[in-house]
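Letter by letter, the sequence shown follows residues 1020 to 1093 in the working numbering.
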Amino acid sequence: MRRAVEQHIGSCDKCARHNIRRAKEDGHLKNVQPPDDVFQIVHMDFWGPMTASDDGNRYVLVLTDNLSKYVIAE
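The following block contains the structure:
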């Protein structure tokens, strides 16, 4: 029965036009050459939203130096 359902969905024009694609496309990984000095290459990420701090901040920004692995979080 599963195969019959898959075939029906695959041949249904309305399903093909209105079905949302749920799989992400593959990313493009690249080799990164090690830097010669600190802070030539940094990686950034963030997390949140969280409960607001006393200053009203709801997100954390994290920077990591590629060479030294030094981390800064604001």
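Beta carbons are placed, not taken as given, at the ideal position from N, Cα and C, and that holds for glycine. These figures come from a predicted structure and were not determined experimentally.
Does the beta carbon of C1034 sit closer than 8 Å to a beta carbon anywhere in chain D? No chain D appears in the structure shown, which is made up of a single protein chain.
For T1070, which of M1063, L1082 and Y1078 has the nearest alpha-carbon? Y1078
Of the residues V1051, I1060, F1058 and L1080, which one's Cα is nearest the Cα of P1068? L1080
Stretch-stretch touch, CB-based, cutoff 8 Å, three pairs: the stretch 1022-1032 with the stretch 1048-1061: no
Alpha carbon of P1054 to alpha carbon of H1062, nearest angstrom: 13 Å
For L1082, which of R1021, D1073 and A1092 has the nearest alpha-carbon? A1092
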